[in-house]
Structure formats: structure tokens, C-alpha cells
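Working notes, beginning with the structure itself.
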Amino acid sequence: DSGVTQTPKHLITATGQRVTLRCSPRSGDLSVYWYQQSLDQGLQFLIQYYNGEERAKGNILERFSAQQFPDLHSELNLSSLELGDSALYFCASTSAYGYTFGSGTRLTVV
Amino acid sequence: GENVEQHPSTLSVQEGDSAVIKCTYSDSASNYFPWYKQELGKRPQLIIDIRSNVGEKKDQRIAVTLNKTAKHFSLHITETQPEDSAVYFCAASINGGSQGNLIFGKGTKLSVKP
Numbered sequence: 183d184s185g186v187t188q189t190p191k192h193l194i195t196a197t198g199q200r201v202t203l204r205c206s207p208r209s210g211d212l213s214v215y216w217y218q219q220s221l222d223q224g225l226q227f228l229i230q231y232y233n234g235e236e237r238a239k240g241n242i243l244e245r246f247s248a249q250q251f252p253d254l255h256s257e258l259n260l261s262s263l264e265l266g267d268s269a270l271y272f273c274a275s276t277s278a279y280g281y282t283f284g285s286g287t288r289l290t291v292v
Numbered sequence: 827g828e829n830v831e832q833h834p835s836t837l838s839v840q841e842g843d844s845a846v847i848k849c850t851y852s853d854s855a856s857n858y859f860p861w862y863k864q865e866l867g868k869r870p871q872l873i874i875d876i877r878s879n880v881g882e883k884k885d886q887r888i889a890v891t892l893n894k895t896a897k898h899f900s901l902h903i904t905e906t907q908p909e910d911s912a913v914y915f916c917a918a919s920i921n922g923g924s925q926g927n928l929i930f931g932k933g934t935k936l937s938v939k940p
């Protein structure tokens, strides 16, 4: 157990739908990062939050949004889903020892 | 922004041989370079990292070297074992790794044949 918790582990939904992925960082970590990993692809940085504030944005589509709540958990909202959004979505949190990833949410859009 | 190139995309070695994976980065301000191992369907796990004030770091069978002038860094695995088979990702960050997004290479699929 890495200490970074992601739910759900698996999600199957239809095109056009909206889903919410949840991430709880390790205790004491203020930053949350979201990454998308499509089949046979690398890890694409989506967005970073630090203590509730958006800190950096990567290749995040306008259909996607995220937020970090006062208890530091974060949610990634994916809307108007397309087949190409099927991927593993990882979140990570950081400490002085670097990044730690959660186990990911596998999203399948059918 | 930062761009990280990783080669080769696939690498097959015999058990006991060495494996080398190379990465180049574009942003000279990058100062933190971790390597992650990812098994199929699992989360990436940090195996070793290096900061820009160090040229080489070793941890048992794994070593990483950094050439800041050339902006490239490499992962070296010696005496490979079948359990080393996985996808390996390099990454770079300009904020020392404790804060700041990591930019990843596209990964190298390493296969170690018994």
C-alpha cells in the first residue's frame, strides 16, 4: 500500500457520460497530481493541485476538470466521454522523498 | 516546456546480461530525474532517482548516470533477472521532485529471457 488511495479501481461507462475519479494523498502530502496512461502509452501529466489551489496544468482536455478539497482529497471529473478516454488514470502525491503513485483507476468507455 | 525522449522503446536481454536505457531532456532547468518501474496493470514504482548535483548513483544492481552538459541520463541494470521484466519510465522535473510535475518519457519495455 503506497498510502495514496484511488477509487474506484475499475469503471465502465458509455460514451457521452460523466464520471468522477477520487484520490486521497498520503497523510501530510499537500500536492496531488493527475496522470493519464493510455494503452501502450506513457504517463501524460494532466493537472496539479497544491493545498486546494491549482498549481500547474498539462495536457488536460476542456471536458476534464479537477478540484482539491479542504481535506486534501482530489476529484477528477471527466465529461462527454469518448472511446479515446479509455485509460488508466493515476494520481500521485509528493513529499521530500518524491512522488508516490496510487494504484490507479482503469476507465473503460464503451 | 520540458520534453523527455526515451530509448529504446523495447529491449530484450538474456538473464544475467546488462540492460541500459537512455533518456534525454530539453529543459536545462530540470534538476530531478527519477526512474520508475511499472508492471502490467500496476502503479509506477520509484526504483532510483538522481539530482542534478550528482553524476552517478547506485543501488545494488541498479545505477543511474547523469550528464548535465549533454542533457541526458541513463539507467543501468546489471545481472538482469526475469523479475526485472517490466516497463521502465524516466522522468524529469524542474522543481527538485518534491514539488512540481514530472514529465515522463514514453517508456521502455524490458524483457529478460531465462
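Residue numbers (the working numbering), protein chains in the order written: chain A, 183 to 292; chain B, 827 to 940. Even glycine gets a Cβ: it sits at the ideal position worked out from N, Cα and C. These numbers come from a predicted model, not from an experiment.
Pick from A/Tyr231, A/Ile242, A/Ala238, A/Glu235 that is closest to glutamine 218 of chain A, judged by C-alpha positions: The sequence position of residue 218 of chain A within the first sequence is 36, counting from 1. It is A/Ile242.
Partner residues on chain A for serine 930 of chain B, Cβ-Cβ distance less than 7 angstroms: As a working note, residue 930 of chain B is residue 104 in the second sequence. Before going further, note that residue 930 of chain B is phenylalanine rather than serine in the sequence given. Under the 7 angstroms cutoff, chain A gives Gly224, Leu225.
Bounding residues of the beta strand (DSSP E) (the contiguous stretch that carries glycine 280 of chain A): Reading the first sequence from its first residue, position 98 is the one you call residue 280 of chain A. Annotation for glycine 280 of chain A: the continuous beta strand (DSSP E) segment containing it runs 280 to 283.
CA nearest to the CA of lysine 885 of chain B, picked from B/Trp861, B/Lys935, B/Ala896: Indexing the second sequence from 1 puts residue 885 of chain B at position 59. Sequence check: residue 885 of chain B is aspartate here, not lysine. Per the C-alpha coordinates, the member of B/Trp861, B/Lys935, B/Ala896 positioned closest to aspartate 885 of chain B is B/Trp861.
Near-chain A residues of the stretch 889 to 904 of chain B (beta-carbon distance less than 9 angstroms), N- to C-terminal order: Using a CB distance below 9 angstroms, no part of the stretch 889 to 904 of chain B faces chain A.
Extent of the continuous beta strand (DSSP E) run through aspartate 885 of chain B: One-based indexing of the second sequence puts residue 885 of chain B at position 59. Its beta strand (DSSP E) spans residues 882 to 885.
First through last residue of the beta strand (DSSP E) which encompasses asparagine 259 of chain A: Along the first sequence, read from residue 1 onward, the residue named residue 259 of chain A stands at position 77. Residues 256 to 260.
Span of the beta strand (DSSP E), counted from its first residue to its last, around isoleucine 847 of chain B: For the purposes of this step, residue 847 of chain B is taken as the residue at position 21 of the second sequence. For isoleucine 847 of chain B, the enclosing beta strand (DSSP E) has its first and last residue at 845 to 851.
Neighbour flag for tyrosine 281 of chain A against chain B, beta carbons, 8 angstroms: Translated into the one-based positions of the first sequence, residue 281 of chain A becomes position 99. Contact with chain B is found for tyrosine 281 of chain A, since one of that chain's Cβ atoms lies less than 8 angstroms from the residue's Cβ.
Span separating the alpha-carbon of serine 835 of chain B from that of alanine 248 of chain A: Within the second sequence, the letter at position 9 stands for residue 835 of chain B. Within the first sequence, the letter at position 66 stands for residue 248 of chain A. Taking the CA atoms as reference points, serine 835 of chain B sits about 32 angstroms from alanine 248 of chain A.
Any C-beta of chain A under 8 angstroms from that of aspartate 885 of chain B: Indexing the second sequence from 1 puts residue 885 of chain B at position 59. By this cut-off, aspartate 885 of chain B is not an interface position.
Alpha-carbon to alpha-carbon, serine 275 of chain A and valine 876 of chain B: Residue numbering aside, residue 876 of chain B sits at position 50 when the second sequence is read from its first letter. Residue numbering aside, residue 275 of chain A sits at position 93 when the first sequence is read from its first letter. Residue identity check: residue 876 of chain B is isoleucine in the sequence provided, not valine. Each residue's alpha carbon lies about 19 angstroms from the other.
C-beta contact flag for serine 844 of chain B and histidine 898 of chain B at 8 angstroms: Here residue 844 of chain B refers to the residue found at position 18 of the second sequence. Here residue 898 of chain B refers to the residue found at position 72 of the second sequence. Contact flag unset, no.
Exposure label - valine 292 of chain A; buried when at least 16 CB within 10 Å: By one-based count along the first sequence, residue 292 of chain A stands at place 110. By the 10 Å Cβ count, valine 292 of chain A comes out exposed.
Buried versus exposed call for asparagine 927 of chain B [16 or more other C-beta atoms within 10 Å across all chains shown]: Numbered from its first residue, the second sequence carries residue 927 of chain B at position 101. Under this definition asparagine 927 of chain B is a buried residue.
Buried versus exposed, by CB contacts within 10 Å (16 or more), asparagine 857 of chain B: Against the second sequence, residue 857 of chain B aligns to sequence position 31. Burial state of asparagine 857 of chain B is buried, judged by a 10 Å Cβ sphere holding 16 or more other Cβ atoms.
Against chain A: residues of the stretch 849 to 879 of chain B by CB proximity under 9 angstroms: In summary, the residues of the stretch 849 to 879 of chain B whose CB is separated from some CB of chain A by less than 9 angstroms are Tyr858, Pro860, Tyr862, Gln864, Gly867, Lys868, Arg869, Pro870, Gln871, Leu872, Asp875, in the order they occur in the chain.
Per DSSP, cross-strand counterpart(s) of glutamate 236 of chain A: Walking along the first sequence from the start, residue 236 of chain A turns up at place 54. Partner(s): A/Tyr231.
Neighbourhood of glutamine 840 of chain B by C-beta distance below 6 angstroms, restricted to the same chain and skipping five residues each side: What you label residue 840 of chain B is simply residue 14 of the second sequence in a count that begins at 1. Residues Lys939 of the same chain have their beta carbon placed closer than 6 angstroms to that of glutamine 840 of chain B, with the five preceding and five following residues left out of the count.
Beta-carbon gap between phenylalanine 915 of chain B and glycine 224 of chain A smaller than 8 angstroms: As a position in the second sequence, residue 915 of chain B is number 89, starting the count at 1. As a position in the first sequence, residue 224 of chain A is number 42, starting the count at 1. Between phenylalanine 915 of chain B and glycine 224 of chain A, the C-beta gap is smaller than 8 angstroms, which places the two residues in contact.
Cα-Cα separation between phenylalanine 246 of chain A and proline 870 of chain B, rounded to whole angstroms: On the first sequence, residue 246 of chain A is found 64 positions in, with the first residue counted as 1. On the second sequence, residue 870 of chain B is found 44 positions in, with the first residue counted as 1. Each residue's Cα considered, the two are about 23 angstroms apart.
Residues that alanine 269 of chain A contacts on chain B, provided the C-beta gap is smaller than 7 angstroms: Residue numbering aside, residue 269 of chain A sits at position 87 when the first sequence is read from its first letter. Simply none; closest approach about 12 angstroms.
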